[in-house]
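All remarks here apply to the structure that follows.
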Amino acid sequence: MAEELTVLTNRIMEAARKEAEEIAAQSREEARRQAAVYRKETEEKVEAIREDYRRQGEAEASRLIREAELEAKLRLLQTKQELIHDAFEQALVSLAAMPEAEKAALYQDLLLAAVESGEETVAVSTAEKGLWQRIIAQVNQELTKNGRSGKLQLRPEPAPLRGGFLLIGSNYEVNASLESIVADLEERYFPEVAGLLFS
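For the record, in the sequence shown the residue sitting at position 172 is 154 according to the numbering used here, with numbers rising by one throughout.
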């Protein structure tokens, strides 16, 4: 099971890396453009500040210059963070738009890895209900074949998900929605993706 999770994590990371590489050039260009805009704005502010405060003393002008430079750096950092978040959002969009066969294989692997009793309820989005009816039937067969209870059921009420599922047990819930998986990956791999996009 741990090996399946590792393989699954690697597949998801590969999709995220692929998506990050596809937008890396665009992101770097946007970051350069934003840096140039912020640099120009900073230079204009610096020049205006120097002129206005020359008579009031160099100490005050220096303080204001540092503030303007810090503001520009913070705006650039915010832009980079937004671009990285956008890369993960694009990965989520790509995962949600995967061909049905690939999506079914991914979901089946995730569900088999998450099942504990084999009698849980699975909550899915309305859009994927038909796909999940087939997946649950296959997973129930697989569980039974392996000597486990194969009584997973699809919850009638849809879950507000873009993809993936919620596995609801008697005293626990596993959030294996695509949103949750990508958010977890974003949190864990943010520095690595930042390195790919801005190195």
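Ideal placement from N, C-alpha and C gives every residue a C-beta, glycine not left out.
Query, Result
"Those runs of the alpha helix (DSSP H) which lie wholly inside the region 35 to 83 and span at least 4 residues", "40 to 78"
"Rounded C-alpha distance that separates G39 from R21", "24 Å"
"Closest by C-alpha distance to V106, when choosing among V164, F147, T(-12) and L92", "F147"
"Nearest-angstrom beta carbon gap, R144 and E161 [assumed within contact, 8 Å]", "6 Å"
"Endpoints, the beta strand (DSSP E) within which G146 is located", "G146 to I150"
"Alpha-carbon to alpha-carbon, T103 and A96", "12 Å"
"Close beta carbons around L93, own chain, < 6 Å, minus the five adjacent residues each side", "V121"
"Separation of S159 from P142, as counted between CA atoms", "10 Å"
"Distance, Y154 Cα to K55 Cα", "44 Å"
"Three-state secondary structure assigned by DSSP to N(-8)", "helix"
"T24 - DSSP class collapsed to helix/strand/coil", "helix"
"Beta strand (DSSP E) segment containing S162, residue limits", "Taken as a continuous stretch (DSSP letters only), S162 belongs to no beta strand (DSSP E), being part of the alpha helix (DSSP H) at L160 to F180."
"S152 classed as buried or exposed, judged by whether at least 16 other C-beta atoms fall within 10 angstroms", "exposed"
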